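J.: For reference, the structure I am asking about is given below.
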Amino acid sequence: MLTVQRLHDLNQPLLAEHQLQFSYLADLLSRRHQDAQAVVRELVKFQVAIPSWALGTGGTRFGRFPLGGEPRNLEEKIGDVGLLHQLNGSSNSISLHIPWDIPQDIAGLEQLQREYGLVIDSVNSNTFQDQPGQPFSYKFGSLSHTEQAVRQQAIQHNIDCINYGRQLGARTLTVWLADGSNFPGQQHLRRAYRRTQESLAAIYEAMPSDWQLLIEYKPYEPHFYSMVIPDWGTSYSLCQSLGQNANVLVDLGHHLPNTNIEQIVGRLQQFGRLGGFHFNGSMYGDDDLTTGSSKPFQLFLIFNELVDAARDTSVTNPLVAYMIDASHNTKDPLEDLLQSIENILGAYAKALLVDREALHEAQETNDVVRAEEILRDAFLLDVRPLVAEAYRQSGGALKPVAAYRAAGVREQLIQQRGKLSVSTGL
Ligand SMILES: [Mn+2]
Numbered sequence: 001m002l003t004v005q006r007l008h009d010l011n012q013p014l015l016a017e018h019q020l021q022f023s024y025l026a027d028l029l030s031r032r033h034q035d036a037q038a039v040v041r042e043l044v045k046f047q048v049a050i051p052s053w054a055l056g057t058g059g060t061r062f063g064r065f066p067l068g069g070e071p072r073n074l075e076e077k078i079g080d081v082g083l084l085h086q087l088n089g090s091s092n093s094i095s096l097h098i099p100w101d102i103p104q105d106i107a108g109l110e111q112l113q114r115e116y117g118l119v120i121d122s123v124n125s126n127t128f129q130d131q132p133g134q135p136f137s138y139k140f141g142s143l144s145h146t147e148q149a150v151r152q153q154a155i156q157h158n159i160d161c162i163n164y165g166r167q168l169g170a171r172t173l174t175v176w177l178a179d180g181s182n183f184p185g186q187q188h189l190r191r192a193y194r195r196t197q198e199s200l201a202a203i204y205e206a207m208p209s210d211w212q213l214l215i216e217y218k219p220y221e222p223h224f225y226s227m228v229i230p231d232w233g234t235s236y237s238l239c240q241s242l243g244q245n246a247n248v249l250v251d252l253g254h255h256l257p258n259t260n261i262e263q264i265v266g267r268l269q270q271f272g273r274l275g276g277f278h279f280n281g282s283m284y285g286d287d288d289l290t291t292g293s294s295k296p297f298q299l300f301l302i303f304n305e306l307v308d309a310a311r312d313t314s315v316t317n318p319l320v321a322y323m324i325d326a327s328h329n330t331k332d333p334l335e336d337l338l339q340s341i342e343n344i345l346g347a348y349a350k351a352l353l354v355d356r357e358a359l360h361e362a363q364e365t366n367d368v369v370r371a372e373e374i375l376r377d378a379f380l381l382d383v384r385p386l387v388a389e390a391y392r393q394s395g396g397a398l399k400p401v402a403a404y405r406a407a408g409v410r411e412q413l414i415q416q417r418g419k420l421s422v423s424t425g426l
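The structure is reproduced here in structure tokens:
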């Protein structure tokens with residue numbers, strides 16, 4: 001952990017320039033009848049959960065190149081997220097993966113969470129790999145498996161996840177199914193769906209009434225001929241069949257190239273079924289790159305839909321749970337997460353600054369060019385002073401990545417945990 005004094009000292013030399021940039025932008029915005037402080041307040045409120053599996057190097061199926069100082073247990077993972085939260089004030093929650101991070105000392109973990117000002121927001125089940133000592137294999141599926149005993153084992157694992165989560169105050173279970181088939185004819189497509197629906201219903205039944213079940217979809221991988229839940233339509237139909245507390249989770253990397261993700265986001269909000277987000281960056285598929293690294297305009301357009309729906313009183317979508325789901329092989333994972341959050345906040349700030357009334361008018365009068373120009377005006381604005389001001393108001397660093405480096409955090413972590421420590425995850 002950095003001391004308050006250390007953060008203050010790191011900010012001090014940057015402060016004068018920051019204030020100059022912020023007041024210039026605030027002045028510019030007020031001429032457009034927009035309130036910079038109101039945007040900053042929204043940014044300060046915005047929180048993204050950090051997954052317990054993103055704190056070590058990962059990211060490829062072929063090899064890992066640990067950089068040292070990776071967290072060796074859940075307690076150290078909470079410490080890493082606490083540090084991120086200290087630097088940017090935007091990562092106050094953790095998404096737990098079971099069984100990679102089964103909580104042991106509940107009282108100790110709660111104490112740690114309080115110290116760092118963190119909550120455990122969700123638990124993620126894993127039926128995409130076999131665990132040591134597990135009676136049945138998931139090689140041919142889990143919740144959709146042809147054999148009842150395998151399905152029952154997978155259902156019970158999800159119920160166990162709920163029970164772990166309850167002890168730590170979580171209220172969300174996220175299910176991503178790797179079930180599917182690799183060859184035509186391998187799996188009966190309709191029966192696989194029906195079995196999945198029945199298994200999910202059993203999990204939903206066991207879930208406390210103040211919890212929500214988030215169902216993720218993915219078009220391919222690990223199975224390449226068919227996935228049982230390949231698209232948002234399948235997720236949506238499953239949620240509808242389960243009840244009010246089941247909602248769709250959109251993972252940005254889980255789409256075929258060029259899919260219009262912002263439209264999916266808009267549709268799900270229209271139906272009141274957008275439950276959560278997994279942020280990451282994608283060039284081709286589930287690449288798990290830094291959020292917003294290669295497609296910042298797409299990220300902005302997604303936030304534009306989120307802000308638009310949030311301001312539309314006819315939309316009754318539940319509160320959306322924001323999480324990062326990425327894992328990196330070439331970057332320091334903590335720096336990667338700081339960059340992701342910075343890009344997310346930037347996209348959100350720009351979406352908040354879209355002149356929504358003018359856009360509405362342009363759309364309704366079919367003024368194509370004006371509508372596009374309004375979006376571009378907001379997108380091309382340099383909102384970094386707003387994001388930095390949000391960090392500052394949260395007690396964080398004006399430039400989190402630079403502060404992380406200047407404070408020598410990784411070097412300290414290597415000293416404490418060793419060069420060879422390897423975090424659980426993929
Ligand atoms: Mn995901």
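Mapped onto the UniProt record's numbering, the consecutive letters of the sequence shown carry residue numbers 1 to 426.
Note that the Cβ used here is the ideal one computed from N, Cα and C, for glycine as well.
If you're wondering where the values come from, they're calculated on a predicted model, not measured in any experiment.
Which whole-angstrom value describes the C-beta separation of residue 434 and V265, a residue pair presumed to lie in contact below a C-beta threshold of 8 Å?
T.: Any question about residue 434 goes unanswered here, given that the chain covers just 1 to 426.
J.: Please state whether DSSP places G82 in a helix, a strand or coil.
T.: Here G82 sits in helix by DSSP.
J.: Tell me where the beta strand (DSSP E) around L274 begins and ends.
T.: First-last of the beta strand (DSSP E) with L274: 274–279.
J.: In chain order, what residues of the same chain have a beta carbon less than 6 Å from the beta carbon of V150, not counting five sequence neighbours either side?
T.: Cβ neighbours of V150 beyond the five flanking positions: F136.
J.: Name the one or two DSSP bridge partners that P51 has.
T.: Its beta-bridge partners are S95.
J.: Helix, strand or coil for L2? Go by DSSP, reduced to three states.
T.: Looking at L2 - three-state DSSP - the assignment turns out to be coil, as it is neither helix nor strand.
J.: Taking all protein chains shown into account, do 16 or more other C-beta atoms lie within 10 angstroms of the C-beta of G69, making it buried, or fewer, making it exposed?
T.: It is buried - the Cβ of G69 has at least 16 other Cβ atoms within 10 Å.
J.: For V369, count neighbouring Cβ atoms within 10 angstroms of its own Cβ and tell me buried if that reaches 16, exposed if not.
T.: Exposed, because fewer than 16 other Cβ atoms sit within 10 Å of the Cβ of V369.
J.: Based on Cα-Cα distance, which residue from Q363, M207, Q111, H188 lies nearest to Q156?
T.: When only C-alpha atoms are compared, the closest one is M207.
J.: Within this structure, are the beta carbons of L200 and L143 separated by less than 8 Å?
T.: In contact: L200 and L143 (Cβ atoms closer than 8 Å).
J.: Run through DSSP, which three-state label would L252 get?
T.: The answer is coil: DSSP assigns L252 none of H, G, I, E or B.
J.: Which residues in the same chain as D336 place their Cβ atom closer than 6 Å to its Cβ, once the five residues preceding and following it in sequence are excluded?
T.: So the qualifying residues of the chain are T290, H328.
J.: Buried or exposed: E216, going by 16 or more other Cβ atoms within 10 Å of its Cβ?
T.: So E216 ends up on the buried side.
J.: So for I324, helix, strand or coil by DSSP?
T.: Strand.
J.: Does N247 pass the burial test, meaning 16 or more other C-beta atoms within 10 Å, or should it be called exposed?
T.: Result: buried.
J.: What's the gap between the Cα of K139 and the Cα of D130?
T.: Each residue's Cα considered, the two are about 8 Å apart.
J.: Helix, strand or coil, according to DSSP, for T196 in the structure here?
T.: Of the three classes helix, strand and coil, the one that applies to T196 here is helix, per DSSP.
J.: Is any heavy atom of ligand 1 found at a distance shorter than 7 Å from the C-beta of E221?
T.: Checking every heavy atom of ligand 1 against the Cβ of E221, none is found closer than 7 Å.
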